[in-house]
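The structure appears right after this line, and notes come after that.
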Amino acid sequence: MASEKDGTIFPVEITGRFSTGRKRAFIIAAIRDITERWQAEKKILEQQKLLEETNARLEELAVKDPLTGLFNRRAFDERLKAEIAHTCRHKTPLSLALVDIDFFKFYNDTYGHPAGDEILIKLAQILEDHSRGADVACRYGGEEFILILPGTDVEGAICFAERCRKSIENAEWPRRAITASFGMATFEGTSSGFDGNIEIELVTKADRALYHSKNTGRNRVSHFDKQSHL
28 MASEKDGTIF PVEITGRFST GRKRAFIIAA IRDITERWQA EKKILEQQKL LEETNARLEE
88 LAVKDPLTGL FNRRAFDERL KAEIAHTCRH KTPLSLALVD IDFFKFYNDT YGHPAGDEIL
148 IKLAQILEDH SRGADVACRY GGEEFILILP GTDVEGAICF AERCRKSIEN AEWPRRAITA
208 SFGMATFEGT SSGFDGNIEI ELVTKADRAL YHSKNTGRNR VSHFDKQSHL
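So the sequence shown is numbered by the working numbering: it starts at 28 and just counts up by one.
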């Protein structure tokens, strides 16, 4: 850096060479003002940073639900496949929790979609608050949410769902009380109880357990393995 007479600092480039002559050694140096080049390089770096931030936002939008901030259906499919592969290798349990807001269509029709969105956002936050670092909370579609619970067996899955259910039931909601029904399914890391595509069958079992919860009064937790008639 160099300084003008008025104290203004500006970038410079100094080049030089060593020379000798008449029994003296000296250095010949040239100083060049590189303000324009420095500003151009700075602008390029700023543009690169902006591009990286834009790409990061686009990548996040590709896997996140824009309303709730949870992972979306696409991200769920990818993560479930990876978690099942991990479960098969290490023979550890993996559970799914499928969550459906009770009477949500009635709420939406009565109070309007913006009010319904408020409910979705708050319920998503409750699910996230109860999730561990390894858990994956996703918006599955409409008023349905689904959570991947690595390392969680049948009893652990039921306990997790009950904690979430009670938090939803006891939360302060605008306009009227809100409850949710849960359907659970567990994969123990072996093919026992599964005939084909584990991902599809696990979701199907959770869905059937959810149907049982809704068909027997709502605001309850059902696990596929605990309902012999399912």
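For each residue, glycine too, the CB sits at the ideal point set by N, CA and C.
8 Å contact criterion, which residue i and residue j should meet: CB distance rounded
i, j, result
"Cys165", "Arg100", "7 Å"
"Cys115", "Gly216", "6 Å"
"Ile148", "Ile205", "In fact, because the Cβ distance is near 12 Å, the residues do not count as touching under 8 Å."
"Arg106", "Val163", "5 Å"
"Phe251", "Ala188", "Not quite, the Cβ-Cβ distance comes to about 12 Å (not below 8 Å), so this is no contact."
"Ile58", "Phe45", "Their Cβ separation, rounded to whole angstroms, is 17 Å, which puts Ile58 and Phe45 out of contact at 8 Å."
With 16 other Cβ atoms within 10 Å as the buried cut-off, status of residue i
i, result
"His8", "Shown here, the chain extends from 28 to 257; a query on residue 8 therefore has no answer."
"Gly210", "buried"
"Arg203", "exposed"
"Thr62", "exposed"
"Ala233", "buried"
"Arg290", "What the structure shows of the chain is the stretch from 28 to 257, and residue 290 is not part of that stretch, so it cannot be assessed."
"Asp92", "buried"
"Ile175", "buried"
"Ile227", "exposed"
"Thr95", "buried"
Three-way DSSP call (helix, strand, coil) for residue i in this model
i, result
"Phe214", "strand"
"Pro201", "coil"
"Arg26", "This structure does not reach residue 26, given that the chain is present from 28 up to 257, and the question cannot be answered."
"Gly183", "helix"
"Ile195", "helix"
"Glu171", "strand"
"Phe130", "coil"
"Pro141", "helix"
"Arg100", "helix"
"Ser240", "helix"
"Asp234", "helix"
"Ala112", "helix"
"Leu121", "strand"
Close-in-space but distant-in-sequence residues of the same chain around residue i (CB under 6 Å, 5 per side omitted)
i, result
"Arg245", "Asp129, Ser208"
Cβ shell of residue i (< 7 Å), same chain only, five flanking positions each side left out
i, result
"Ile225", "Ile111, Phe214"
"Asp127", "Glu170, Glu171, Ala207, Ser208, Leu237, Lys241"
"His60", "A quick correction: the sequence has Asp, not His, at residue 60. Answer for Asp60: Phe37, Val39, listed in chain order."
Residues of its chain near residue i, where Cβ-Cβ distance is below 8 Å and the 5 sequence neighbours each way are ignored
i, result
"His157", "Phe187, Arg190, Cys191, Ser194"
"Leu97", "Lys91, Ala151, Leu154, Glu155, Ala164, Cys165, Arg166, Phe172"
Does the segment 180-192 come close enough to the segment 116-130 to have 3 or more Cβ pairs within less than 8 Å? Touching, yes.
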